[in-house]
Amino acid sequence: MLASEKSWNKLLPELWGERRELCRVKVQFGTNKKAGQPVQKQSNVISADDRKYAPTLDSVGDGSKDPAAGQVSAEKSLSTLLLLCLCVVLSMTTWFSATAVMPQLQAYWNVTPQQSTWLAISVQLGFAIGAVGSAAFSLSDLVPPRILMAVSSAAVAMANLGILFAPDASSGIVLRTLTGVLLAGVYPPALKLISTWFRKGRGVALGSVIGALTLGSAMPHAINAFGGLDWRIVIVTTTIASLLAAFLMIVFLRDGPYPFAKTSFNPSQIKQALANRVFVLGTLGYLGHMWELYAMWTWLLFFVKARLVSSDIDSGYMASLLTFLIIAAGAPACIIAGAAADRIGRTAMTFILMVISGTCAATIGFTFDVPLWAFMVIGIIWGATVVADSAQFSTIVTEAGDPRLVGTSLTVQLGAGYALTVLAIWLLPMAEAWLGSWQWVFLFLVPGPVIGAAAMAALRRLPEATRIAHGRR
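Under my numbering, the first residue of the sequence shown carries the number 879, and numbering increases by one thereafter.
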């Protein structure tokens, strides 16, 4: 066999994610009667659908063009994953740093109910702007991920620290929006960086990073749970954490041996992406997921306080502790769900998780009249399932969508998802004012997982779904 043929046969399953059915290469061996040497007769049978995808091989696959680059130790990959997860935890503590101390800020700034809502949604809005903007300018292609992450994390720390010097809520809203914009330079590049270290086990690796984001988002509540701490200590602590993350990123993190080819956001491709059934259903599932997730995370502290007050329990700092435990339950769940999705299929895993989380959202209001331990059981199950499927939606689009549109598809999906969280977060306090209590407000989140689960069930029935999770759908 010629060396070039060996290389091609080795590269083919790697570049196409081991989806050999996309391009079936039939190889027949014979014998050169004159020379007595084995010869190879090769015929390629490529379907019309294969030809549509074939020109874009270099832009998709698992990110490596050089099979020799694959020789990397499992220890190095694992140590990088652990370090990156630590960095994400530290940096993401700033996401909910103001939300965790919202009651204190309301008193300090004399915040109106409308300003409270804007303080809560400003980070989401900023993140959506930052994510779409960075994709439009291809920042992750122009700047190495670890550099982009380190600079962004340091800038996030400064914006977060600015809360200490903000004279009023309006200034705080501007700073929180800026924080969201800058966090878009940390989280998406982290997912890209860790993908350069893993071919096999990438689902678990991505789930681990999202688990780190979850734990980091919960950490301000843990800090605030230490009774008697001034709100400024929470802000300073999360600022130091983000600066430490920037230091670790720039000094110790490195790109892996499986770099991704450049992909870009092209507005002219949006119409093409919307004509792709996999993208539409995958994004619809993601929107249902996002409708529920961040609104739950944002207002859970207020819900828990109301639940404790209903039982004549001093809400104090216990509310912060319980909120931390519920949200943090999602961290290990992300890792477990990532591994399970690789085994049973992504559409099946996301369907199951959204059914469970939607059920929790619909029933947790009834726990105002049950023992606290029963409330926490439902709360922890909800906290685990509401975030555990986060990594699967973008993976579905990259595996089964049109690879020529992957950059545009992921940007539209991410931007639409975080933009929708703004509406959901804005809606819940209005619902609380209308209902007169926090007890039933989470019912307004139930449509999200219901629609998302239906989208995953529909996607699973599509012929294109066989390209998801190596045929497991």
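By construction, the Cβ of each residue, glycine as well, lies at the ideal position given by its N, Cα and C atoms.
Local Cβ density within 10 Å of residue i, reported as buried at 16 or more and exposed below that
{"i": "V1290", "result": "buried"}
{"i": "R1024", "result": "buried"}
{"i": "G829", "result": "An answer regarding residue 829 cannot be provided, because it is not within the stretch 879 to 1351 covered by the chain."}
{"i": "F1015", "result": "exposed"}
{"i": "T990", "result": "exposed"}
{"i": "G1081", "result": "buried"}
{"i": "K954", "result": "exposed"}
{"i": "R1224", "result": "buried"}
{"i": "D1267", "result": "buried"}
{"i": "P1341", "result": "exposed"}
{"i": "G1008", "result": "buried"}
{"i": "F1202", "result": "buried"}
{"i": "K1183", "result": "buried"}
{"i": "G1314", "result": "exposed"}
{"i": "Q1002", "result": "buried"}
{"i": "S1189", "result": "exposed"}
{"i": "R1185", "result": "buried"}
{"i": "V1129", "result": "exposed"}
{"i": "A1006", "result": "buried"}
{"i": "Q992", "result": "exposed"}
{"i": "W1175", "result": "buried"}
{"i": "L1053", "result": "buried"}
{"i": "W1312", "result": "exposed"}
{"i": "W1075", "result": "buried"}
{"i": "L1020", "result": "exposed"}
{"i": "S1272", "result": "buried"}
{"i": "D1108", "result": "exposed"}
{"i": "L1288", "result": "buried"}
{"i": "D1247", "result": "exposed"}
{"i": "F1181", "result": "buried"}
Residue i in three-state terms, based on DSSP
{"i": "T1074", "result": "coil"}
{"i": "P1045", "result": "coil"}
{"i": "L1131", "result": "coil"}
{"i": "A1335", "result": "helix"}
{"i": "G1004", "result": "helix"}
{"i": "V1264", "result": "coil"}
{"i": "S1012", "result": "helix"}
{"i": "T971", "result": "coil"}
{"i": "V1187", "result": "helix"}
{"i": "N1102", "result": "helix"}
{"i": "T990", "result": "coil"}
{"i": "P1210", "result": "helix"}
{"i": "S1315", "result": "coil"}
{"i": "D1247", "result": "helix"}
{"i": "A1173", "result": "helix"}
{"i": "G1089", "result": "helix"}
{"i": "N1154", "result": "coil"}
{"i": "V1255", "result": "helix"}
{"i": "Y1065", "result": "helix"}
{"i": "G1079", "result": "coil"}
{"i": "Y1164", "result": "helix"}
{"i": "G1094", "result": "helix"}
{"i": "L1107", "result": "coil"}
{"i": "V1021", "result": "coil"}
{"i": "L1340", "result": "coil"}
{"i": "V1324", "result": "coil"}
{"i": "P1137", "result": "coil"}
{"i": "Y1195", "result": "coil"}
{"i": "V1034", "result": "helix"}
Assumed close pair residue i, residue j - CB separation to whole angstroms, cut-off 8 angstroms
{"i": "A1062", "j": "I1072", "result": "So it is not a contact: roughly 17 angstroms between Cβ atoms."}
{"i": "M1232", "j": "P1327", "result": "4 angstroms"}
{"i": "G1293", "j": "G1166", "result": "With a Cβ gap of about 16 angstroms, G1293 and G1166 do not count as contacting."}
{"i": "G1085", "j": "A1215", "result": "6 angstroms"}
{"i": "W996", "j": "D1046", "result": "Not a contact, Cβ separation roughly 12 angstroms."}
{"i": "L1323", "j": "W1169", "result": "7 angstroms"}
{"i": "I1274", "j": "G1160", "result": "4 angstroms"}
{"i": "R1077", "j": "Y1136", "result": "6 angstroms"}
{"i": "T1055", "j": "S975", "result": "So it is not a contact: roughly 14 angstroms between Cβ atoms."}
{"i": "C1212", "j": "G1089", "result": "4 angstroms"}
{"i": "L1162", "j": "A1333", "result": "4 angstroms"}
Any C-beta of chain D under 8 angstroms from that of residue i
{"i": "N1154", "result": "Absent here is chain D; the protein component of the structure consists of one chain."}
For the stretch 1317–1326 against the stretch 1239–1246, are there 3 or more C-beta pairs whose distance is under 8 angstroms?
Touching, yes.
Are there three or more Cβ pairs, one per stretch, closer than 8 angstroms when the stretch 1119–1135 is compared with the stretch 1025–1035?
The stretch 1119–1135, when compared against the stretch 1025–1035, does touch it at the 8 angstroms Cβ threshold.
Does the count of Cβ pairs from the stretch 1192–1207 and the stretch 1302–1310 closer than 8 angstroms reach three?
no
Can you confirm whether the stretch 1036–1055 touches the stretch 980–995 when touching is taken to mean that 3 or more C-beta pairs between the two stretches lie within less than 8 angstroms?
yes
Given 8 angstroms as the limit, is there contact between the stretch 1199–1212 and the stretch 1260–1270, that is, 3 or more CB pairs closer than that?
The stretch 1199–1212, when compared against the stretch 1260–1270, does touch it at the 8 angstroms Cβ threshold.
Closer than 8 angstroms is the cut-off here; do at least three beta carbon pairs connect the stretch 1053–1069 with the stretch 970–979?
yes
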